[in-house]
Every structure is written in C-alpha cells, then in structure tokens.
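First residue of the sequence shown: 773, per this note's numbering; consecutive thereafter.
Virtual Cβ for every residue (Gly too), placed ideally from N, Cα, C.
Note that the structure is a prediction, hence the values are computed from the model and not measured.
Here's the structure, in structure tokens; my notes come after.
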Amino acid sequence: MKHNFLLVFLLLSLGCARVQTLNLNPHLYSETPVQVLWIQLAGFSEEHIPLLKFNIADAAFKTNIEQVDCVGKMWSFNLFKLRPNASNSFMSQMAGTKNINGSCTDYERAPLWLKLEDAGYKVSILESGALGNQTLENAMSCSNNKFIDLNKVRLFLMGPEINSSKKTFHYQDPQEQVETYKEPGLYYDRSCQKGTCYSSLSNNFKSLWQQWIKSFDQNFVILRDFNFQKALLKKDLSMARETLQEIDRLVGEIRKNKNVLIVISGAESLPIEFPLQGKEWVEFERSGRNILYKNSTLTSPVLAQGPMSENFCGIFEEVEMYNRLIYRPEGKKFSWDNLKPF
C-alpha cells in the first residue's frame, strides 16, 4: 500500500512539472538538432527589419526573422582590425580564431564543420554574391588548405565559373540531375555565367535543401549572402529589401520543421537611420530617399530558432560562434526540480 501511494505521488508530481520556455514560447533545452542551417548575412543588423515590417498594412504583422527564439550580439573585432570586413568576420566565426588577415594562412585552420562531420552531419555551402576574397573558393588556391575538402564538402557558388571542368547546377534541373548534387564537390550556377544570376537565392536553396534532407539524416548547411550588403552600400533599398524578404521567407518555411536549428549571423553590420514619419517616410518607401547611413557597428547580431537556440542568447565575441555551434550537451540527467508541483 505504501509503495502504491508513493508511485501515485510521483506520477502526480511529474504531471505538474514546469513547462520550459524561451522568449515566452515552449522550448526544450539541450535538444540536439537534426538539421542545422546557418545563414551568414553580410551587412545585416536587426535595425533592418523595418524594411520588411513597415511596408505592410497590418500593424500586427510579424516577420519570420523577428519571431526567433533567441537574439544575441557579437563583438566584431580581431587581432588586426577593430571593424573587420564581413568575409574576415565570418572566417573568425567559422574557424574560432581572431587571427584572421584575409590571406591563405586563414585556411590553414580547421573549420567547425570538421567537428560536426565526426558527429554524422553532412556539410553543404551555398554562396550568393561572394566575390574576390569573400568566397570560400579561395581556399582551393592555398597550398595548406584545411578549410574546404571537396571530397567531403558540397560547395555551390552563385557566380561566374572560373574552371570549366567543374560541375554546374540549376534549380530547374530534372530530378535525376538534382540527385547528383548530394555528391561532394564544387558546383557553379549555370544561370550566373553571363555576369548576372537569373536564378533567385530562394529557388536555388529550396531545390538543394530538399535534396540534402532527403539524402542525409543530418545536415549542416551554410547559406552565405553578400548581395544584401552590396545593395546597402549602393543605397539600393529596393534590392536590399528584396534580398531580406528572400531570407525571411526561407526562415518561415524552414522553421516549420521543429528539428532544425536556424542561426542568422551578421558581419560588418551597416545600420541605417530611418526617416521620422509622414511625407519623409513615404518618399523613403518610394525611392529610398531621406535615409542616413552610418559606419559599420562594433557588434553584429545573432538570431536563433529551434533546438539549442538558447546557445546564442547574450553578448559574446564572434569567435565564440565556433563553440556555440559545435556544442552538444551531455545526456539528460534526472532533476528533482521536475518533482516540484509549484
């Protein structure tokens, strides 16, 4: 009788366990994601979200980006510069070091995905608008390259083909061709070979993402975009908004899968000062007038959604992205807190 009473008490206590939350939403802590999508968005600041939010008639409208679980900030500096360019900041984030100078020595360090490969993840990278020293293709010309191993990594470039012997891809390819994209190697977008890319970032990504999650149990995918920053520097607000809308739509679609960790990180963030209201705001919406640009900030944002998004709350150095992405918690342990009904 005594044992039965204890069993009933334990069941009732467990039934009253607290609901874990993050950002006031239900959240399971220390859950390992099945898929990881890391969006590297050059120039991005959370101050750019009004580009999407305030041209919608519905005042209660929320973008997908602003509905993430966790928001953090990274200090943007390394051993050489207080405000490194976006490509160098992303290298610090991927390699976990401040010793980044834009040369071949950067690629001598092992990237974080080597750790994730050991855990069973397949690595794929899609670049859009990466030119010059921005593209990871540069690692190929470095003698001590440890960063990009084309026997393991799938690198897709939305840019002009440099080596005609490399593979190509297109989001409208037949399914039997798309299935070959699961093979490691370097791929060029066929629609980008005349100076302009005629395929959109979202169409390319969706086609590739569907094939990757179909082919592999676990994926670590990096989406690198430099077009948003270029549009800001040209004061082309229409193009900047279009790029950010694509990213927002992708986040909205991918976040439906509760097993995916989505991380958006900025670098060389370019905040803009929006007009006050009224006529000035209308002119801004129509033509991009009445807007002021500042220097890049000393911090860049990190937005996270899904399993382990709690790793990206707070203020930290950009080199810490390495450990926060590869961190995998120990097995769950029993806690007496779960037995407290109040």
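Of the candidates 840, 864, 1093, the residue whose Cα lies closest to the Cα of residue 796 is 840. With distances taken between CA atoms, residue 845 lies nearest to 865 out of 831, 865, 832. If only complete runs of 4 or more residues are kept, the segment 859-916 shows the alpha helix (DSSP H) at 885-890, in order along the chain. Cα atoms of residue 1036 and residue 813: separation of roughly 7 Å, rounded to the nearest angstrom. For the pair residue 833 and residue 949, the Cα-to-Cα distance works out to about 40 Å. Here residue 939 is near residue 960, since their CB atoms are less than 9 Å apart. By the neighbour-count criterion, in which a residue is buried when 16 or more other Cβ atoms sit within 10 angstroms of its Cβ, residue 1090 is buried.
Using a C-beta cut-off of 8 Å, the segment 869-880 makes no contact with the segment 888-901, since fewer than three inter-stretch Cβ pairs fall below that distance.
Distances from the alpha-carbon of residue 1098 to those of 1025, 1049, 793, 890 put 890 closest.
Of the other Cβ atoms in all chains shown, 16 or more fall within 10 Å of the Cβ of residue 996; this residue is therefore buried. Counting of Cβ neighbours within 10 angstroms places residue 791 among the exposed residues, the total staying below 16. Here residue 903 is exposed. Its C-beta has fewer than 16 other C-beta atoms within 10 Å. According to DSSP, residue pairing for residue 846 in a beta bridge involves 1072, 1088. Within the same chain, 815, 816, 817, 848, 1068, 1069, 1071, 1072, 1073 come within 8 Å of residue 1041 by CB-CB distance, once the 5 residues on both sides are set aside. Taking the Cβ atoms as the reference, residue 1096 lies roughly 4 Å from residue 1083, within the contact range of under 8 Å. Here DSSP, grouped into helix, strand and coil, assigns residue 822 to helix. Following the DSSP letters along the chain, one finds residue 814 inside the beta strand (DSSP E) bounded by residues 807-814.
It is roughly 19 Å from the alpha-carbon of residue 974 to the alpha-carbon of residue 907.
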